[in-house]
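First residue of the sequence shown: 65, per this note's numbering; consecutive thereafter.
Here the structure comes first, spelled out in structure tokens, and everything after it is commentary.
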Amino acid sequence: MFEAVLFDLDGTLADTAPDMALTVNRMLVSRGQPKVGVEKVRPYVSSGARGMIKAAFGIGTDHPDFPGMRQEFLDLYAENLCVDSVLFPGTNELLHRLEKAGIPWGVVTNKYERLARPVLEGLGVASRARVIVGGDTTPRPKPSPDPLLHAALAMQVAPMRTLYVGDDERDVQAARAAGMKVVVAGYGYLGDGAPPAMWGADAILDSPLAIAAWIGLPAVLHSASQRP
């Protein structure tokens, strides 16, 4: 069994798309443009501000307006970090099973750490995470292995004994480069590129409880069944 498990945040631990959509819709409305639905932007959430601006405005990083719009998005999102974001069904039980098995868990996300921590606090799980690594915690974010190696070092667990769970191809790339096993959260956002079957993960799993079963975590009776 693994000695530690690390999770991506957006699209893996939590459904944060509603608040990301809320933010980009504020930008659209301020420009007199119609709002977009959550489902339109959901595949782009894992790419952060860059993905949301692309989805809503069709603007890439090479557009002259992109830097200013990116900063505007980040400023507005900081005001809406955990309005409608929720843990995916079964996530809390997965975390509870890890904790009962004595397996520490943490979060490695490309969301800036100053944004990731309040989201996790709003979801009620920040204090339970052994480590929280954001996209600016190390000089290079995913797909570099640096954030994952930083987290493993902080948890004092060898990378080869650590599992990473994510919902984007760069999550798999980062885990492979770090020497970690990696599974794809098939219920997550999954991006708009190559299908997950082509990413080279160890498994694609359709729910947090399927992840628990794949790891080999025993079911926890009584209290876990009453957790959200």
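The beta-carbon is built from N, C-alpha and C at its ideal position, and this holds for glycine as well.
Across which residues does DSSP place residue i in a beta bridge pair?
i    : result
W278 : For W278, which the question treats as bridged, DSSP gives no partner whatsoever.
V150 : D79
D74  : A78
Assuming residue i is part of the beta strand (DSSP E), what are its boundary residues?
i    : result
K245 : K245 to A249
L70  : A68 to F71
G170 : W169 to V172
Y366 : Here the chain has residues from 65 to 292 only, and residue 366 is not among them.
For residue i and residue j, I'd like the C-alpha separation in whole angstroms.
i    : j    : result
F152 : R161 : 15 Å
P207 : T173 : 11 Å
K99  : E67  : 44 Å
T80  : T87  : 11 Å
H127 : F121 : 11 Å
N89  : W263 : 31 Å
G166 : F130 : 45 Å
P282 : R225 : 19 Å
V93  : S111 : 22 Å
Here's a check: name, in chain order, each residue in its chain whose Cβ is nearer than 6 Å to the Cβ of residue i, leaving out the five neighbours to either side.
i    : result
L146 : The sequence given here places Cys at residue 146; Leu does not occur at that position. Here the set comprises V183 and G186.
Y176 : G198, G199 and D200
G230 : D72 and T76
K245 : L227 and D266
M133 : I117
Can you check whether the CB of residue j is closer than 8 Å to the CB of residue i?
i    : j    : result
A222 : A215 : no
V107 : D256 : Reading the sequence as shown, one finds Pro at residue 107 and not Val. Cβ distance < 8 Å, so P107 and D256 count as in contact.
L179 : A142 : yes
M91  : V105 : no
D83  : N144 : yes
V171 : I196 : yes
V109 : D139 : no
A238 : L212 : yes
A78  : S191 : no
V69  : A85  : no
A241 : P209 : yes
K194 : M219 : For the sequence presented, residue 194 should be read as Arg rather than Lys. In contact: R194 and M219 (Cβ atoms closer than 8 Å).
P272 : G188 : no
Excluding five sequence neighbours on each side, which residues of the same chain lie with their C-beta closer than 8 Å to the C-beta of residue i?
i    : result
I315 : Since the first residue shown for the chain is 65 and the last is 292, residue 315 is missing from the structure and cannot be characterised.
E136 : M91
V284 : E157, H160, R161 and K164
T125 : R114
I275 : L158, V229, V247, A249 and L269
Mind checking which residues open and close the alpha helix (DSSP H) that includes residue i?
i    : result
T201 : Note, T201: premise wrong, no alpha helix (DSSP H); not H, not E.
L269 : Taken as a continuous stretch (DSSP letters only), L269 belongs to no alpha helix (DSSP H), being part of the beta strand (DSSP E) at A267 to L269.
H214 : D210 to M219
A239 : E233 to A242
N156 : T155 to K164
A119 : G112 to F121
Apart from the five residues on each side of it in sequence, which residues of its chain come closer than 7 Å, Cβ to Cβ, to residue i?
i    : result
R291 : Confidence is the limiting factor: at R291 the pLDDT is only 48, short of 50, which leaves the residue's position unreliable, though a coordinate-based value still follows. Correct list, in chain order: N156, E157 and H160.
A258 : E233
G280 : M65
Flag residue i as yes if its beta-carbon sits less than 8 Å from any beta-carbon of chain D, otherwise no.
i    : result
L212 : The chain labelled as chain D is not found in the depicted structure, where only one protein chain is given.
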